[in-house]
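Student: Chain order of the listed sequences is A and B.
Those letters in the first sequence? Residues 1 to 394, per the UniProt record's numbering, in order.
Those letters in the second sequence? Residues 1 to 530, per the UniProt record's numbering, in order.
Pasting a structure below so you can have a look.
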Amino acid sequence: MPGPRRELRQRLAELRGPAVPHPLDARALAALAANPGCRRRALLDGAGVDKGALASALGSPSSYGQSQFAFARGHAFEARVKADGGMELMRLLGVDEPGGVRVPELAAAGPQGRAARTALALREATGAGTWTLLDHPLLALEVAGSPAYLEPDAVVVHPDGRWTVVEIKSFPVLDGSADPAKVGAAARQAAVYVLALERVAALTEGAEVAHSVLLVCPRDFTNQPAGSVVDVRKQLSVTRRQLARLTRIEDIAAALPEGLSFDLEGCSAEQLTEAVEAVPHAYAPECLAACELAFHCRGRSREAGAVETLGRSVRGELGGLTTVGAVLAAARGEAGDPADPAVAALRRAQALRREAITGAVAITGAVAGAGEVAGAGAGAGAGAVGTEGAAVCR
Amino acid sequence: MSLIGTLARLEAVESGRAQPLATVRHRHLSDRPLVLVPLTTAGEAGAPLGALVGTDPAEPRLLVVAQPRDRDLRFAFLADLAEAVVPYLDGYAGEVEAAERSETDPETGKKVKVEVELCADAPQLIVPSRAGVEYVRLLGRSTRFRRTAEDDPDTPYPAPARVPLLGRWLTHYGERARVPGSSLLLAATDLLNRHWATGQSSLEDQHLGALLAWIEAGDGESGAEAALRAELGRDAAGQLLCPPAGPATDPTFDNRLLAPAIDRYDRARQALGAAEEGELADARLGELHRAEREVRRLVASQLKPTWDAVWRCLELLRGLPAGSRVADRWTRDRWSFTGHRDRVRSGEPPQPRRDDAVTSAQKLAARETAQAQLEAQEALDDPLVLAARRLAGEAFTAEVLDVVPAWTESKRPSPRPLLTVRTGDVPQLGEGVKVYRSLDGRPQSAAFVGYEPEDGTLVLRLLDRMGRAKNPAEGTVPVKGDRIVWTLFEHDQRGGPKLPDPEDTPWTHGGPPGEPGAERPDPVTPEDLL
């Protein structure tokens, strides 16, 4: 292992404290790639800190969890799909003589051992020229300088050396269509597997990773599996770009003050809060569905009055104004440069909104019948056409 | 979201309370809506866990499936749901008024007026959230193809009598909910979000409890604090104070309370099955009832807060006066209800799994028209909605400064008076652009002529609705000093060109659908858990 890498490992281990590192999975990676600018998440995930426990220690516990009903159903369905040496699964791929499918043993000690075993099995299968089903292989992917181990449901090696990722989900395909949000999440997750497989394929002669994955879901209201081939090229290129963009963990770690620690056992809540605050976040409401720390970051973001708490798109129409106070002051004419188009638009919007609300209160009774709202006292009539901004906001 | 909506959200952040987004109510509310709060089993498609249903806030009907994986219990639930919903729907089918509809005469090909029935009112379904609307669709899909013993004596697992009918109605309501501005099936969150802006994002607004917390905030607690409690607050036993509005349940509830209770129920049932005759069986039966009561109590504990929240939401909305064009949209909903009633009565088969090309195109076109109509009507009904259109340059308020009579240069001159108006708005006008105003509820159009070079006032030429005489009819031309709202969008929406008949579907769209074969019911295998 080269020197700088070892130093980073060392530094991350110090930050984490004595706890066992919390593994990064494909779902977390997909979420990380969805918000690549968040240094807080990148560092904590890279250091293997248990964010759920950290959020609880900070006093903003997340409400993540899986119902045991869903868990049991997911497992039962996966077991059914893979039963009899993957007969059903191979049938979905269009293979009629599943008798000749090899299912190699992939057990080994530790994640590194399992990943090595998987790589070996993939190499052997590619050379063998037969159908091979790898049940829960383990793949390694380096993310922002630290290794993540990923476990796809299955990988199928075709006789021609092509590798296909299989993703088994328990949401139904109803009359040929499934919940687009769930399919999208599954595709993003599968793209991470494809990315990790490509690293192995690059070192394997004659191997090629298919850019479409096989998504297996229950059909309609039954337990029968239905397979659909999902093209993940788009998710793949997005994930690849975002992961490359991921702020490098070295740089984040280097910018931290000495002696900082996320040791959940050894640090008080104040110390942990201080440590978390030392790493900048990039909160957006989407985080609530993807990150255990989201409620904590949301609280901080709201305290700071950041307009992003209302949604990422809100930023776009507010120009350089980034806080709630600044926007409202500009809208009310207490601050801001009227020549700034964003400020001018805000003042106009504020004037129109006031006019509509005050007018409406006065004519509430009249509105119902007439549908004619011209009577609402407009105070802005004086503004000559074309020079709105300043004239309207009196 | 428009800038005006963003401003409202920012003001909500600052004040700690939700701010109005509308000054009138834009959706119809029935006097006697049927509220349905469904819950489903995590990870299973079409395995309901329970529901509260009813038209009286004080007396909901509780339906619970003690073991959601048991087909018989699920069918019993669906039968009970059908008993609760179908009579409510039927109650509106009988009272009709006469109406006219233009139809094409198949022989002459001419449009003729036909006397038809139109239901005087329509039943309205309210669910807590959008996920609830989707669940109504799912329930409809899972039940409409079921066969009863009467339909087919050989069917395995025959469904109870009214269940397929329930499925057809729920499918119709789920489909209608996709038409913008329709009110047959509404989600409480959508209703609130249309009329109030909270200080949180639209993602967070999907949480009914948090949304209500912002709107009902007051008494020293800010909306943000109250909403946080609704999102995350847990009691001493670790259960959410405000359970999710469904149909999904909280995983902690599933794992800590529900799963053990269902296990106890299963064990009690096994014990009863194994018991010999007599006293022992009686005791075991008592145990089974206790276990079942416990599951019912737990499911009710998750449903009741949402039930109350939906009714509070309806209460809040009743506080707003209805927009004047809401009744017009409700009439369309009544037509939709009547149409489906007629299809059911005439013995048509259930809605197909997939629409054919012509039906799909018709549905899409109808939704587009409804969307444009909704946007126009909401703006005309509500100055606050109009404000956003004015900001976007799609409407303007103007004061009439001068009226100059003018006529067309034809043999029989018609009035075309010129209006000089002044506005503070910035409409996106070009020469010849048509603008519209509402005259006694009907649109009157005018064409933009140009700007006066000196003072930037606008000149418009009135085009219609002034009567047939040479001089305009009384009250049809504005007078000096009038303040008038002009819109650049049309007030009424015309549908697009007529689509071909299904038998003339072009090959690009799959060709004629052929004989509509009866849809087969979903196969039910004994191996399925569901």
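Here a beta-carbon is modelled for each residue, glycine too, at the ideal position from N, C-alpha and C.
Just so it is clear, the structure is predicted and the values come from calculations on it, not from any experiment.
1. What does DSSP give as the partner residues of Lys111/B in its beta bridges?
2. Interface residues of chain A around Thr171/B at Cβ under 9 Å?
3. Say whether chain A places a C-beta atom closer than 8 Å to the C-beta of Glu44/B.
4. For Cys313/B, report the span of its alpha helix (DSSP H) as first-last.
5. Extract the residue ranges of the alpha helix (DSSP H) inside the segment 387-439 of chain B, only unbroken runs of 4 or more that lie entirely within it.
6. Taking Cβ positions, are Val229/A and Ala187/A nearer each other than 8 Å?
7. So, with DSSP's three-state summary, where would you put Thr171/B?
8. Should Ile215/B be flagged as near chain A, meaning a C-beta pair shorter than 8 Å?
9. Would you call the CB atoms of Leu138/A and Tyr149/A closer than 8 Å?
10. Specify the secondary structure class of Arg348/A as computed by DSSP and reduced to three states.
11. For Gln124/B, which residues does DSSP report across the bridge?
12. Determine the DSSP secondary structure at Glu292/A, reduced to helix, strand or coil.
13. Go through its chain and collect everything with a Cβ distance to Gly365/A's Cβ below 7 Å, but skip five positions before and after it.
14. Express the C-alpha separation of Thr369/B and residue 618/B in angstroms, rounding to a whole number.
15. Is it the case that the Cβ atoms of Val324/A and Glu225/B are separated by a distance below 8 Å?
16. List the residues that DSSP assigns as beta-bridge partners of Glu368/B.
17. Val279/A by DSSP, collapsed to three states: which one?
18. So Ala366/B contacts chain A; which residues on that side make the cut at Cβ distance below 8 Å?
19. I'd like to know whether the C-beta atoms of Val65/B and Gly50/B end up nearer to each other than 8 Å.
20. At 8 Å on the CB atoms, spell out the chain A contacts of Asn255/B, in chain order.
21. For Gly148/B, which beta-bridge partners are listed by DSSP?
22. How is Ala362/A classed by DSSP in three states: helix, strand or coil?
23. Could you check the C-alpha separation between Val156/A and Leu15/A for me, to the nearest Å?
24. Report the CB separation of Phe448/B from Glu431/B in whole angstroms; it is logged as a contact under 8 Å.
25. If you check the beta carbons only, do Val479/B and Met466/B fall under 8 Å apart?
26. Looking only at its chain, what residues have a beta carbon closer than 6 Å to the beta carbon of Arg168/B, apart from the 5 residues adjacent to it on each side?
27. Determine, for residue 563/B, whether the minimum Cβ-Cβ distance to residues of chain A falls below 8 Å.
28. Can you check whether the CB of Val426/B is closer than 8 Å to the CB of Val400/B?
29. So Trp486/B and Ala357/B are in contact, right, with Cβ under 8 Å, and what is the actual spacing, rounded?
30. Specify the secondary structure class of Leu63/B as computed by DSSP and reduced to three states.
31. Between which two residues does the alpha helix (DSSP H) harbouring Trp131/A extend?
32. Ala213/B and Ala236/B - do their beta-carbons sit closer together than 8 Å?
33. Give me the residue from Ala47/B, Ala268/B, Asp464/B, Pro164/B with the minimum Cα distance to Ala149/B.
34. For a contact defined as C-beta to C-beta under 9 Å, what are the partners of Ser146/A on chain B?
35. Cβ of Val230/A less than 8 Å from any chain B Cβ?
36. Going straight from the alpha carbon of Val92/A to that of Asp70/B, what length do you get?
Tutor: Concretely, from the data shown:
1. Looking at the DSSP assignment, Lys111/B forms a beta bridge with Thr104/B.
2. Simply none; closest approach about 12 Å.
3. With 8 Å as the cut-off, Glu44/B counts as an interface residue toward chain A.
4. 279-318 is the span of the alpha helix (DSSP H), which, as asked, contains Cys313/B.
5. Taking only runs of at least 4 residues, no alpha helix (DSSP H) segment lies wholly in the segment 387-439 of chain B.
6. Going by C-beta atoms, Val229/A is not nearer than 8 Å to Ala187/A.
7. Here Thr171/B sits in helix by DSSP.
8. Closer than 8 Å: no.
9. Leu138/A is a Cβ neighbour of Tyr149/A, given a cutoff of 8 Å.
10. In the three-state scheme derived from DSSP, where H, G and I count as helix and E and B as strand, Arg348/A is classed as helix.
11. Partner(s): none; Gln124/B has no beta bridge.
12. The three-state secondary structure of Glu292/A, taken from DSSP, is coil.
13. With a pLDDT of 34 at Gly365/A, under the threshold of 50, the modelled position of this residue cannot be trusted; read the value that follows with caution. None.
14. Only positions 1 to 530 of chain B appear in this structure, which leaves residue 618/B out of reach.
15. No, they are not a contact pair.
16. Answer by DSSP bridge pairing: none, since Glu368/B is not bridged.
17. The three-state reading of DSSP puts Val279/A in coil, since its state is none of H, G, I, E or B.
18. Against Ala366/B, chain A offers no close residue; the least beta-carbon distance is about 21 Å (beta-carbon pairs closer than 8 Å).
19. Yes; because the gap between Cβ atoms is below 8 Å, this pair is in contact.
20. Counting only Cβ-Cβ distances below 8 Å, Asn255/B has contacts in chain A at Gly65, Ser67, Gln68, in chain order.
21. Here residue 148/B is Thr; the residue named in the question, Gly, does not match the sequence. Paired residues: Ala159/B.
22. For Ala362/A, the predicted model reports a pLDDT of 44, less than 50, meaning its position is unreliable; a value from the coordinates is still stated below. The answer is helix: DSSP assigns Ala362/A an H, G or I state.
23. Straight-line Cα distance between these residues: approximately 39 Å.
24. Their Cβ separation, rounded to whole angstroms, is 7 Å, which keeps Phe448/B and Glu431/B in contact under 8 Å.
25. Val479/B places its beta carbon 8 Å or farther from that of Met466/B.
26. Hits under 6 Å: Arg144, Pro350.
27. The structure shown does not extend to residue 563/B, since chain B is modelled only from 1 through 530, so no value can be given for it.
28. Not a contact, by the Cβ cut-off of 8 Å.
29. Actually they do not touch by this definition, with Cβ atoms about 40 Å apart.
30. Strand, per DSSP.
31. For Trp131/A, no alpha helix (DSSP H) run applies, since DSSP gives it neither H nor E.
32. Taking 8 Å as the cut-off, the Cβ atoms of Ala236/B and Ala213/B do not count as close.
33. The shortest C-alpha separation from Ala149/B is found at Pro164/B.
34. Below the 9 Å Cβ cutoff, chain B contributes no neighbours of Ser146/A, its closest Cβ being approximately 29 Å away.
35. Not flagged as an interface residue toward chain B: Val230/A, since no C-beta distance is shorter than 8 Å.
36. Per the sequence presented here, residue 92/A reads as Leu, with Val not at that position. Looking at the backbone, the Cα of Leu92/A and that of Asp70/B are separated by about 29 Å.
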